[in-house]
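Participant: Protein chains in written order, with the working numbering: chain Y, 494 to 858; chain C, 113 to 301; chain U, 28 to 202. We treat Cβ as the ideally placed atom computed from N, Cα and C, and that holds for glycine. Provided herewith is a single structure, encoded as structure tokens, for subsequent inquiry.
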Amino acid sequence: MRELELYYGPQHLGMVGNFSITLGVEGDRIVKATSNPGFLHRGFEKLMEQRTWIQNFPLVCRINVVEPDHMELMYAMAVEKLAGIEVPERAQYIRSIYLELARVGSHLFGLWAYANMLGFDTVANWAMYHRDLVLDLFEELTGGRAYHIYIWPGGVRRDFPEGFKDKIVNTLHTIGSCVPDYDDTFFNNRVFEKRAKGIGKLTQKEAVDMGAVGQVLRATGMKRDIRKQEPYAAYDQVEFNVPTREDGDAYSRIWVVRDEMIESVHMIFKLLDQMPEGVAYNKVPNPFKWKIPKNEAYVRCESSRGELGLYLVSNDTDKPYRAHYRTPSFNHGLTILEKALVNESVSDVGNIMISLYITAPEIDR
Amino acid sequence: MDRNKIGKWLKSPGKMAQKYSLHALYFCTGCGIIEIPPTITARWDAERFGVIPVATPRQANLFLITGYVSLKTLKYIIRSYEQMPEPKFTVGFGSCPINGGMYWDSYNTIKHLDKYIPIDGWIAGCMPRPEAVFVAVTHLWTLIDKGKADGYKKYREDYELYRENQESVLGKLEWPPLFSKEKQHEASV
Amino acid sequence: MNHLRQILKDNLLSSFEDIKINIAEENRIIIECRKESIITVLSHLKSDGFNHLSLISCVDWINENTFELVYILTAYTEDPEKGGLNLLVKTKVVRDKPTLYTVINVFSNAEPFERELHELYGIHFSGHPRLTPLLLERSYEIPPFRKDFDTRQYVEDFFKQIPTIEEKKRTNERT
């Protein structure tokens, strides 16, 4: 059989985000796959060196477009470590609630993309509607639907408005009461099982060798979550489980995503009960004259895609000297995708790509 | 159907059919892709305005350039735009195609998209709300009625000037020119 | 945690000469070594349980004329004490035509990190199978992330010189 070259390119109905894969195909089987990133490269880290410490905040949240909140958290935590600023306790609780709501919204977006890829349009419409309800909460709290610049070094920008707790509880009850419908229509459906079981399989040894993190790793059986290993914000005050599965294929990854969403909703209820009173932020120095002495910091957190890290270096000026984000999609999209696509059918490329949760702007930055 | 529209339908049925069925090309160009799924799903339904996403440029009418454009993406935007059949309309979505936006000092993004392909309208914002897309679509309808949405005609007339600008940014282009002077002369004769 | 860090420090100091260890904070340990012994230090740490290469980064100290490469390692384990440690292995290279050996034989997921650093800083990794461009479309005289590349001047010289279509038509009409 002859080997043909196909471009699963940027303008394609099966591609979410601006990313391209070059496939070497023999009949219907893929023989070789090469990823081409770089369509969204803006030189973020160079731009961050030319803006002051506070001017970087509107820039940093635009690295990952689906879930900008963990990027802001990383930058704020790194600046607090470099400058030695303390965060009050109420602000830690507010940060945890805000991040868990962002996680629910991001997982619903991933569910929209995956259900659309397999042809379940009804479930895709439900998921996008529920994500819009969560974005309504963000709009009331911060003023913006897609980019909310809310986490600040020293706490958060403003406290919860009046009646906001009841709104969170109502929204989560609306979403939670639809979980049996989701289960009947999508998660327990035999068509989903036939299309996703055994596709894109990774053993635990392969995942560890190729640098997998997040739910790609948790679907192979290892219970690794940065919220338990290096706790930040208020995660050491609340109990939660880390769901895992055994098989390591696309079916297990989507089931891990569903279990994580339900854990996040329970966590938000517990945090709302335990939240103490107090101030929501500590003051920072004058942003026009703020210089940080020579130091470096490396912080990590668990975003909805996996382990996110930031390496920040300061050199006694009012701008960062070097910032480097370690994003989870970098290894997933460039090392693991090329290996997981070999010997699969061409109609499963979108299936595997979205179950690995690759977001193109995170690779290019 | 409105009674005062029957006159318009009888006068120019082609224009009315074009307006109310703008098929948008599915190309996730940049950041702005985060506000397109809410626009086309059930809450802010775009199909009641006649706008649905289609798979290939050969079937598309409307090109929404959502967000900033990097150098690599510009090549693919030009190829997709040249494959679309006429009449076609482009709308720049977000502040970045207008003047560079947030990334005005980046070495890899295009600052003024108007120099490389013709654009009929802009939507400002970072990100614009889904309702802004509908305001843009209704404004495009009035432009089509008056005959002012003629970006594609300008592309046909000034093709050498556009191609010079494209080559000064991307280097020598691999595909031959879309319009050449001899063919245009034949078409008008 | 103290116990674990002390064992690690004694182990490394006894196996290698010419190495400096600094326990900066509770969970961050900085190890400095020369560029020739990077591969042996990384293999030693990998066999000790730190088998996840998180990041390879590079800092451009233009005043001292060196590049400083940083390899950040963590552990794939369910144990929270060992899993919370971050090891930063640093080495310095000369800024003029820098070369290094690749660490792909130790950590196979280092391939895209080294490709990106080659493109953005100009560092050559000998032994790498595929040092082709990853993110950039055109070639630049100075690699773009170095400190002597001024992006605002580049935007001024390259993008602002291109005239709009109306300006071109006006100049054509005049001539």
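#1: Is the beta carbon of residue 765 of chain Y less than 8 Å from the beta carbon of residue 727 of chain Y?
#2: So, with DSSP's three-state summary, where would you put residue 677 of chain Y?
#3: Nearest to residue 708 of chain Y by alpha carbon, out of Y:848, Y:535, Y:791?
#4: Run down chain Y in chain order and give the residues with a C-beta less than 7 Å from the C-beta of residue 155 of chain C.
#5: Exposed or buried, what is residue 247 of chain C when buried is set at 16 or more other beta-carbons lying within 10 Å of its beta-carbon?
#6: Cα-Cα, which of Y:718, Y:782, Y:775 is closest to residue 107 of chain U?
#7: Output, in chain order, the set of chain C residues within a Cβ distance shorter than 9 Å of residue 816 of chain Y.
#8: Say whether the segment 158 to 168 of chain C touches the segment 135 to 148 of chain C, bearing in mind that this needs 3 or more beta-carbon pairs closer than 8 Å, one atom from each stretch.
#9: My assumption, with CB atoms under 8 Å, is that residue 235 of chain C sits in contact with residue 245 of chain C. Please give the rounded CB distance.
#10: If contact means a Cβ-Cβ distance below 9 Å, which residues of the segment 528 to 547 of chain Y contact chain C?
#11: Any beta carbon of chain U sitting closer than 8 Å to that of residue 704 of chain Y?
#12: Rounded to a whole number of angstroms, what is the C-alpha to C-alpha distance between residue 583 of chain Y and residue 773 of chain Y?
#13: What is the rounded straight-line gap between the Cα of residue 190 of chain U and the Cα of residue 212 of chain C?
#14: Kindly say whether residue 506 of chain Y, judged by its beta-carbon, lies nearer than 8 Å to any beta-carbon of chain C.
#15: Residue 49 of chain U by DSSP, collapsed to three states: which one?
#16: Among C:263, C:282, C:216, C:285, which residue has its Cα nearest to the Cα of residue 544 of chain Y?
#17: Would residue 567 of chain Y count as contacting chain U if we go by Cβ distances under 8 Å?
#18: Along the chain, which unbroken stretches of the alpha helix (DSSP H) at least 4 residues long are found entirely within the segment 124 to 189 of chain U?
#19: Using CA coordinates, which residue listed in C:192, C:157, C:150 is at the minimum distance from residue 172 of chain C?
#20: Nearest chain U C-beta to residue 701 of chain Y closer than 8 Å, yes or no?
#21: Note down the Cα distance separating residue 685 of chain Y from residue 611 of chain Y, rounded to an integer number of angstroms.
#22: Can you tell me which of the three DSSP states residue 117 of chain U falls into?
#23: Taking CB distances under 8 Å as the criterion, tell me whether residue 830 of chain Y reaches chain U.
#24: Would you check if there are 3 or more beta carbon pairs closer than 8 Å linking the segment 831 to 844 of chain Y to the segment 514 to 523 of chain Y?
#25: Need the endpoints of the alpha helix (DSSP H) that residue 210 of chain C sits in, please.
#26: Tell me whether residue 706 of chain Y is buried or exposed, calling it buried when 16 or more other Cβ atoms sit within 10 Å of its Cβ.
#27: Mind pulling the chain U residues with CB within less than 9 Å of residue 715 of chain Y?
#28: Does any residue of chain C bring its CB to less than 8 Å from the CB of residue 195 of chain U?
#29: For residue 711 of chain Y, go through chain U and note every residue whose CB falls closer than 8 Å to its CB, in chain order.
#30: State the start and end residues of the unbroken beta strand (DSSP E) segment that holds residue 529 of chain Y.
#31: Using only the alpha-carbon positions, how far apart do residue 122 of chain U and residue 564 of chain Y sit?
#32: Under three-state DSSP, which class holds residue 87 of chain U?
#33: Apart from the five residues just before and just after residue 115 of chain U, which ones in its own chain have a Cβ nearer than 6 Å to its Cβ?
#34: Using a Cβ-Cβ distance cut-off of 8 Å, determine whether residue 159 of chain C contacts chain Y.
#35: Just to confirm, is the Cβ distance from residue 760 of chain Y to residue 781 of chain Y under 8 Å?
#36: Is it buried or exposed, residue 561 of chain Y, if we count other Cβ atoms within 10 angstroms and call 16 or more buried?
Facilitator: Reading off the structure:
#1: Position 272 of the first sequence, counted from the start, is the residue given in the question as residue 765 of chain Y. Position 234 of the first sequence, counted from the start, is the residue given in the question as residue 727 of chain Y. Going by C-beta atoms, residue 765 of chain Y is not nearer than 8 Å to residue 727 of chain Y.
#2: Here residue 677 of chain Y refers to the residue found at position 184 of the first sequence. Helix, per DSSP.
#3: In the first sequence, the residue the question calls residue 708 of chain Y occupies position 215. Ranking Y:848, Y:535, Y:791 by Cα distance to residue 708 of chain Y puts Y:848 first.
#4: Reading the second sequence from its first residue, position 43 is the one you call residue 155 of chain C. Chain Y residues near residue 155 of chain C: 622, 625.
#5: Along the second sequence, one-based indexing puts residue 247 of chain C at 135. Exposed, because fewer than 16 other Cβ atoms sit within 10 Å of the Cβ of residue 247 of chain C.
#6: Reading the third sequence from its first residue, position 80 is the one you call residue 107 of chain U. Nearest of Y:718, Y:782, Y:775 to residue 107 of chain U, Cα basis: Y:718.
#7: In the first sequence, the residue the question calls residue 816 of chain Y occupies position 323. Neighbours of residue 816 of chain Y on chain C: none; closest Cβ ~15 Å, over 9 Å.
#8: yes
#9: As a working note, residue 235 of chain C is residue 123 in the second sequence. As a working note, residue 245 of chain C is residue 133 in the second sequence. At roughly 7 Å, the Cβ-Cβ gap stays under 8 Å, so residue 235 of chain C and residue 245 of chain C are in contact.
#10: With the criterion set as a beta carbon lying under 9 Å from some beta carbon of chain C, the members of the segment 528 to 547 of chain Y are 529, 531, 532, 533, 534, 535, 536, 537, 539, 540, 543, in sequence order.
#11: Reading the first sequence from its first residue, position 211 is the one you call residue 704 of chain Y. Interface residue, yes.
#12: In the first sequence, the residue the question calls residue 583 of chain Y occupies position 90. In the first sequence, the residue the question calls residue 773 of chain Y occupies position 280. A direct Cα-to-Cα measurement between residue 583 of chain Y and residue 773 of chain Y gives close to 6 Å.
#13: As a first step, residue 190 of chain U must be located in the third sequence, where it is residue number 163. As a first step, residue 212 of chain C must be located in the second sequence, where it is residue number 100. About 16 Å.
#14: Taking the first residue of the first sequence as position 1, residue 506 of chain Y is located at position 13. Cβ-Cβ to chain C under 8 Å: yes for residue 506 of chain Y.
#15: In the third sequence, residue 49 of chain U corresponds to position 22, counting from 1. Here DSSP, grouped into helix, strand and coil, assigns residue 49 of chain U to strand.
#16: Translated into the one-based positions of the first sequence, residue 544 of chain Y becomes position 51. Of the listed residues, the one whose Cα sits closest to residue 544 of chain Y is C:216.
#17: Within the first sequence, the letter at position 74 stands for residue 567 of chain Y. No, residue 567 of chain Y does not count as interfacial toward chain U.
#18: 138 to 148, 178 to 185
#19: Along the second sequence, read from residue 1 onward, the residue named residue 172 of chain C stands at position 60. Out of C:192, C:157, C:150, C:192 has the C-alpha closest to the C-alpha of residue 172 of chain C.
#20: Walking along the first sequence from the start, residue 701 of chain Y turns up at place 208. So, interface residue.
#21: Here residue 685 of chain Y is taken as the residue at index 192 of the first sequence, counted from 1. Here residue 611 of chain Y is taken as the residue at index 118 of the first sequence, counted from 1. Distance between the alpha carbons of residue 685 of chain Y and residue 611 of chain Y: 8 Å.
#22: Counted from its first residue, the third sequence places residue 117 of chain U at position 90. Correct three-state label for residue 117 of chain U: strand.
#23: As a first step, residue 830 of chain Y is located in the first sequence; it is residue number 337 there, counting from the start. Residue 830 of chain Y is outside the set of residues whose beta carbon lies under 8 Å from a beta carbon in chain U.
#24: Cβ pair count under 8 Å is three or more, so yes.
#25: Numbered from 1 along the second sequence, position 98 holds the residue referred to as residue 210 of chain C. Unbroken alpha helix (DSSP H) run through residue 210 of chain C: 208 to 211.
#26: On the first sequence, residue 706 of chain Y is found 213 positions in, with the first residue counted as 1. The residue in question, residue 706 of chain Y, is buried, as its Cβ has 16 or more Cβ neighbours within 10 Å.
#27: By one-based count along the first sequence, residue 715 of chain Y stands at place 222. Those within 9 Å of residue 715 of chain Y in chain U are 103, 104, 105.
#28: For the purposes of this step, residue 195 of chain U is identified with residue 168 of the third sequence, where counting begins at 1. Chain C contact via Cβ: present.
#29: Taking the first residue of the first sequence as 1, we reach residue 711 of chain Y at position 218. Residue 711 of chain Y does not reach chain U, its nearest Cβ partner there being about 11 Å away, counting only Cβ pairs nearer than 8 Å.
#30: In the first sequence, residue 529 of chain Y corresponds to position 36, counting from 1. It spans 522 to 529 - the beta strand (DSSP E) in which residue 529 of chain Y sits, taken as one unbroken run.
#31: Taking the third sequence and counting its residues from 1, the one referred to as residue 122 of chain U is at position 95. Taking the first sequence and counting its residues from 1, the one referred to as residue 564 of chain Y is at position 71. Going by the C-alpha atoms only, they are around 31 Å apart.
#32: Here residue 87 of chain U is taken as the residue at index 60 of the third sequence, counted from 1. In the structure shown, residue 87 of chain U sits in a strand (DSSP, three-state: E or B).
#33: Numbered from its first residue, the third sequence carries residue 115 of chain U at position 88. Leaving aside the five residues that flank residue 115 of chain U on each side, the residues in its chain whose CB is nearer than 6 Å to its CB run, in chain order, 57, 97, 99.
#34: Here residue 159 of chain C is taken as the residue at index 47 of the second sequence, counted from 1. Not an interface residue.
#35: On the first sequence, residue 760 of chain Y is found 267 positions in, with the first residue counted as 1. On the first sequence, residue 781 of chain Y is found 288 positions in, with the first residue counted as 1. It is not a contact, given that the beta carbons lie outside the stated cut-off.
#36: Working through the first sequence from its first residue, we reach residue 561 of chain Y at position 68. So residue 561 of chain Y ends up on the buried side.
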